[in-house]
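Numbered per my numbering, the sequence shown spans residues 47 to 304. All C-beta atoms, glycine included, are put in the ideal place defined by N, C-alpha and C. Everything below concerns the one structure shown next.
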Amino acid sequence: MSDQRRILITGANGVLGCVVARHFLERDPDCRVFLGVREKRDDAEALASCHAGRAFLCPLEVTRADDWQEAVARIEAEAGPLSVLVNNAGCHDDALLAHMTGGQWARVLDANLNAVFLGCQAALQPMLRERWGRIINIASAHALVASPFKAAYVAAKHGMLGLTKVTALETAEEGITCNAICPGYVWTPLVAGQIEDQARAHGIPREDIIRDVILAPQPTKRFIQVDEVAALTVFLASDAGRSITGAAIPVEGGWTAR
């Protein structure tokens, strides 16, 4: 495999996706980063503009098999075979199991599990041919534990972890690794907005919502920073991470140590 690595990051218009992309671009001057985006792409466009010639928009609806095949083929045609896949896209739709609709269940499973299956399957074609590859699945602490109201999300993330392990076993002798990063609550503008909404809805001070509701499961009582997840992603994609495969790596302030 050449030293230049081709990296595809899904959900690249979100905060975490953009930060992961920046970490790759800053730490590896030879890499080419493809930003998997759908309709909303303003942040990804700005990132690609700042790193012209090294970062590129890659239209991708992660729940469509044809989109995956086209994205992987496009990357190979423009820069070379895909080296690293970061499955970062996802969604959640919380509800009590007794009241959850079939549509809610299907949507969450499609975005968080079926999309990862499609991505791994498409990415493995060039990786197996090159006998080198890295797949990093951004899972969640909910791949390891459960919480009320999250039946679909917990099921999807547990499934993602199982898929990660099978992929690792099937490619262990092919120079390919597959791992899952399991973050706790990561500080993003979306989470900040949810805190303000809950504080208003319940008439509880913002600080109490953070400590007693959002961060109640995390013994450190602090949010995970996106840079922490991004740095681990870059490490797992490196040669130094070659002996780590099939792992579920918690980055959750001690949540799963209980």
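| Asked | Found |
| --- | --- |
| I'd like to know whether the C-beta atoms of Asn183 and Val162 end up nearer to each other than 7 Å. | yes |
| Among Arg120, Arg257, Pro229 and Cys228, which residue has its Cα nearest to the Cα of Ile241? | Arg257 |
| State whether the segment 199 to 212 contacts the segment 173 to 190, with contact taken as three or more CB pairs (one from each stretch) at a distance under 8 Å. | yes |
| Report the residue from Val275, Val79 and Arg78 whose alpha carbon sits nearest the alpha carbon of Gly299. | Val275 |
| Can you find a C-beta in chain C that's less than 7 Å from the C-beta of Leu207? | Structure shown: chain C not included; a single protein chain is present. |
| Does DSSP classify Asn158 as helix, strand or coil? | helix |
| By how many angstroms is the C-alpha of Arg288 removed from the C-alpha of Pro229? | 21 Å |
| Helix, strand or coil for Leu103? Go by DSSP, reduced to three states. | strand |
| Taking only runs of the alpha helix (DSSP H) that begin and end inside the segment 157 to 202, which ones reach a length of at least 4 residues, in chain order? | 161 to 176 |
| Once you ignore the five residues that flank Gln115 on each side, which residues in its own chain have a CB closer than 8 Å to its CB? | Ala168 |
| So what does Thr223 bridge to, in DSSP terms? | Arg180 |
| For a test of the three-state rule: what should DSSP assign to Gly249, helix, strand or coil? | coil |
| Please go through the same chain and pick out, in chain order, the residues whose beta-carbon is closer than 8 Å to the beta-carbon of Ala117, but skip the five residues on each side of it. | Leu54, Phe80, Gly82, Cys104, Pro105, Leu106 and Ala168 |
| Does the segment 216 to 233 touch the segment 289 to 297, meaning 3 or more C-beta pairs lie closer than 8 Å? | yes |
| Quickly, what does DSSP pair Arg78 with across the bridge? List them, please. | Arg52 |
| Starting from the C-beta of Leu62, find all residues in its chain whose C-beta is less than 8 Å away, skip the five residues before and the five after it, and write them out in chain order. | Asn134, Ile184, Val232, Thr234, Val272, Val275 and Ala276 |
| Please work out which residues of its chain come closer than 6 Å, Cβ to Cβ, to Ala283, disregarding the five sequence neighbours upstream and downstream, and give them in chain order. | Val130 and Arg180 |
| So what's Pro265 in DSSP terms, helix, strand or just coil? | coil |
| Return yes when the C-beta of Leu164 is under 6 Å from any heavy atom of the ligand SAH, and no when it is not. | Although the ligand SAH was asked about, the structure shown includes no ligands whatsoever. |
| What are the start and end residues of the beta strand (DSSP E) that includes Leu294? | The sequence shown places Ala at residue 294, rather than the Leu named in the question. Run containing Ala294: Ala294 to Val297, per the beta strand (DSSP E) assignment. |
| Cβ of Arg78 within 7 Å of Cβ of Arg100? | yes |
| Where does Ala286 sit, in a helix, a strand or coil, going by DSSP? | helix |
| From this set, Ala286, Lys267, Ala141 and Ser186, which residue's C-alpha is nearest Lys196's C-alpha? | Ala141 |
| CA-CA distance, Arg175 and Ala198? | 35 Å |
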